[in-house]
Structure formats: structure tokens, C-alpha cells
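*Asks:* For the sequence shown, counting from 1, position 184 maps to 183 in numbering that gives the first Met the number 0; every step adds exactly one.
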Amino acid sequence: MSVMAMEGSLRIGELSRRSGVSPELLRAWERRYGLLRPMRSAGGLRLYSGEDVERVNAMRRHLDDGLAAAEAAALALRAGAAADAAPQTPAFDPARTRAELGAALDAFDEAEAQAVLDRSLAAATLDALLAEVVLPYLHELGERWQRAEVSVAQEHFASGVLRGRLLSLARGWGLGSGPVAVLACLPGEHHDLGLIAFGLALRARGWRVVYLGPDTPIDTAGSAADGFPAPLVVLQSVDGDRLRRALRALRSLAARHRVALGGAAVAAGVRVPAGVRVLTGDPVSEAAALAA
């Protein structure tokens with residue numbers, strides 16, 4: 000296998016996350032219908048390509064239309080063969096992609112913004128899309144907001160489009176048999192895009208995600224975590240005052256579960272309770288460190 004082919008390859012967990020199909024069903028489709036054509040790494044890992052993602056998505060569409068599995072697979076394979084002669088997807092360029100995404104969102108053009116994200120996912124891993132496009136774009140958007148260079152409508156529109164797309168990628172992130180992470184924003188906190196990105200990066204590494212979302216009482220997060228063996232509870236806030244008000248409840252939660260805390264509030268100089276892991280890096284790198 001060439002080095003370039005290896006760079007664009009996916010493990011079955013990532014293929015499952017992108018397609019919304021469980022690893023067990025993916026293996027069955029590969030075995031029964033030859034739908035997937037994995038390559039082997041030097042260490043023997045089965046690695047899948049973007050073409051495998053497209054065939055799985057095509058099969059799901061045919062199944063949704065009511066076709067039998069064998070017929071759906073045959074149509075997906077034929078469509079894949081016809082696409083082999085099509086022009087190759089351009090190389091992933093994060094800077095250009097951020098610019099295209101920003102231009103579309105500034106213009107309230109959701110269709111073009113979704114097309115930019117579609118092209119990116121066809122050319123790059125989810126980690127790359129999050130770490131090199133979505134998160135830097137959101138940082139730039141926040142700075143532009145502070146400089147009054149974007150309107151309230153533009154900021155809300157951009158956040159809404161990206162939140163919806165990230166949550167669509169999160170479909171099925173609670174499935175599997177990996178370790179569990181309960182994710183929630185602190186009480187009063189509604190900024191959750193970084194937390195969703197963190198959850199997606201964890202899911203790509205085999206974790207299961209229980210997502211409680213914005214404005215979650217800490218005891219609610221604890222109660223959700225009580226139902227799982229050895230869960231990790233990850234909380235987020237961008238506001239230092241909210242974090243200060245939550246310290247007592249955080250201390251109680253950390254006595255029962257592993258707890259991590261992220262968001263801009265961790266840089267506000269608040270002394271967090273002992274046992275709470277502080278996440279100061281970007282969501283993707285912090286997820287990789289936790290998973291390791």
C-alpha cells in the first residue's frame with residue numbers, strides 16, 4: 000500500500016461514525032456482499048477508504064428506499080464502479096476550506112456551507128476537519144464578533160449551521176462497547192460546540208458518548224454517570240463566574256467519578272477541586288490525550 004493511500008484511510012470505528020452503521024453490520028456487509036474493500040496496514044490493521052464510505056452511504060439510501068439488502072449492495076457497488084472514472088477529489092487545503100466556509104456562512108448560504116463540509120469530509124479525516132477547519136473558524140468568528148465585524152444574525156446563523164452538522168455526525172455516538180464519557184455544559188452555559196467536537200473526537204477513538212448538552216445541573220450529569228462502570232464526566236464552560244458557582248458540586252462529583260473540565264473558564268484563574276482534570280488544549284488534542 001502506498002503512503003498516500005495510507006494517509007487517507009480509516010479504521011472501522013471511524014467508518015462507522017461517518018456512516019452511522021455499526022461496525023458489526025459493516026463487517027457483515029463486507030463478508031456477504033463485498034461492499035467494503037479494506038486495505039491492510041504494515042501492522043495488519045484493516046483500513047477503509049473514502050470510496051468505502053460512499054458505498055456504505057449509497058447502500059443505506061437504497062435500504063431506506065425499501066430495497067432488499069442484496070439489491071441495495073449491488074446498486075451501491077455499480078455506482079462505485081461508475082464513479083471510479085470520475086475526477087479525483089481535490090487535496091484538502093484547510094486555509095482555503097476555512098475561507099470558503101466563512102464566506103458561505105457570512106452570506107447565510109447554508110447549502111454552500113454544507114457543500115464545503117461535504118467536500119472536506121471526502122478529502123480529510125474528521126479530526127482534520129475539526130482541528131484545522133471548524134475549531135479555528137469558530138475562534139476567528141469569536142474574535143470577529145468582539146471586533147463587531149459580524150452581526151448577531153451572522154454569528155447565530157453560523158453557530159446554528161455548524162452545531163446542526165456536528166450533531167448529525169454524532170448520530171450513533173452512544174453505540175458500541177468502548178468506555179463511556181458523559182458530556183455536559185455547566186449550569187447556565189449554552190456554548191457547546193467545543194464540547195460536541197470533543198465528543199466526536201472521542202467517538203473516533205472508540206469511546207461511547209452520552210451527551211446531555213447545554214445548561215445541565217451537575218447532579219444530573221452525576222446521576223447519568225452512575226449508570227455506567229468507570230465513566231468519565233466531561234464538563235464545559237466559557238464563563239469563570241459559572242465555574243466558581245459550580246465548585247462545590249464539582250467537588251462532590253469528583254469524589255464519585257473521574258471528572259474533566261474544559262472551556263475558556265479553565266483559564267480564568269479559578270482553582271478547581273482536587274481530582275478534576277483540566278483540559279487546556281483544543282478539543283481534538285485533549286480527546287486524543289484522554290483516549291491514549
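For glycine and all other residues, C-beta sits at the position ideal for the given N, C-alpha and C.
None of these values were measured; they are calculated from a predicted model.
Among the residues of its own chain, which have a CB less than 8 Å from the CB of residue 253, if the five just before and after it don't count?
*Replies:* So the list reads 272, 273, 274 and 275, once near-sequence residues are dropped.
*Asks:* So, with DSSP's three-state summary, where would you put residue 66?
*Replies:* coil
*Asks:* Alpha carbon to alpha carbon, how far is residue 230 from residue 196? Give it in angstroms, no decimals.
*Replies:* 19 Å
*Asks:* Classify residue 203 as buried or exposed, calling it buried when 16 or more other Cβ atoms lie within 10 Å of its own Cβ.
*Replies:* buried
*Asks:* Could you tell me how far apart the beta carbons of residue 177 and residue 206 are, in whole angstroms, since I believe they sit closer than 8 Å?
*Replies:* Approximately 5 Å separates the beta-carbon atoms of residue 177 and residue 206; this is inside 8 Å, confirming the contact.
*Asks:* Counting along the chain, where does the alpha helix (DSSP H) carrying residue 32 start and finish?
*Replies:* 22-32
*Asks:* Hey, how far is the Cα of residue 184 from the Cα of residue 192?
*Replies:* So the alpha carbons of these two residues sit roughly 10 Å apart.
*Asks:* Could you give the distance in angstroms between the alpha-carbon of residue 15 and the alpha-carbon of residue 67?
*Replies:* 21 Å
*Asks:* Classify residue 156 as buried or exposed, calling it buried when 16 or more other Cβ atoms lie within 10 Å of its own Cβ.
*Replies:* Buried, by the Cβ-count rule.
*Asks:* Which residues mark the beginning and the end of the alpha helix (DSSP H) in which residue 177 is found?
*Replies:* Judged by DSSP secondary structure, residue 177 falls outside any alpha helix (DSSP H); it is assigned neither H nor E.
*Asks:* Going by DSSP, what residue range makes up the beta strand (DSSP E) through residue 198?
*Replies:* Element bounds for residue 198: not the beta strand (DSSP E) but the alpha helix (DSSP H), 192-202.
*Asks:* Using DSSP with H/G/I as helix, E/B as strand and the rest coil, what is residue 90?
*Replies:* coil
*Asks:* Tell me which residues share the same chain as residue 9 and place their Cβ nearer than 6 Å to its Cβ, disregarding the 5 neighbours each side in the sequence.
*Replies:* 47
*Asks:* Pull up the DSSP beta-bridge partners for residue 260, would you.
*Replies:* 234 and 277
*Asks:* Please report how far the alpha carbon of residue 38 lies from the alpha carbon of residue 222, in whole angstroms.
*Replies:* 43 Å
*Asks:* Tell me whether the beta-carbon of residue 232 lies closer than 7 Å to the beta-carbon of residue 220.
*Replies:* yes
*Asks:* Roughly how many angstroms lie between the CA atoms of residue 212 and residue 49, to the nearest whole one?
*Replies:* 31 Å
*Asks:* What's the gap between the Cα of residue 135 and the Cα of residue 147?
*Replies:* 18 Å
*Asks:* Would you list, in sequence order, the uninterrupted alpha helix (DSSP H) runs of no fewer than 4 residues that lie entirely inside the region 97-153?
*Replies:* Restricted to the region 97-153, the alpha helix (DSSP H) segments that are unbroken, complete and at least 4 residues in length are 109-122, 125-128 and 134-145, listed in chain order.
*Asks:* Compute the Euclidean distance between the alpha carbons of residue 109 and residue 97, then round it to the nearest angstrom.
*Replies:* One C-alpha to the other measures close to 15 Å.
*Asks:* Could you tell me the distance, in whole angstroms, from the CA atom of residue 280 to the CA atom of residue 264?
*Replies:* Computed Cα separation, rounded: 13 Å.
*Asks:* Looking only at C-alpha atoms, which of 160, 55, 144 and 153 sits nearest to residue 133?
*Replies:* Each of 160, 55, 144 and 153 was checked against the Cα of residue 133, and the nearest Cα belongs to 160.
*Asks:* So for residue 165, helix, strand or coil by DSSP?
*Replies:* helix
*Asks:* Between which two residues does the beta strand (DSSP E) containing residue 212 stretch?
*Replies:* Element bounds for residue 212: 207-212.
*Asks:* Over what stretch of residues does the alpha helix (DSSP H) that includes residue 219 continue unbroken?
*Replies:* 217-224
*Asks:* Give a yes or no on whether the C-beta atoms belonging to residue 112 and residue 100 are separated by under 7 Å.
*Replies:* yes
*Asks:* In this structure, how does DSSP classify residue 46 when only helix, strand and coil are distinguished?
*Replies:* strand
*Asks:* Mind reading off the beta-carbon distance from residue 210 to residue 226? Whole number of angstroms is fine, and I expect it under 8 Å.
*Replies:* About 15 Å; that fails the 8 Å criterion.
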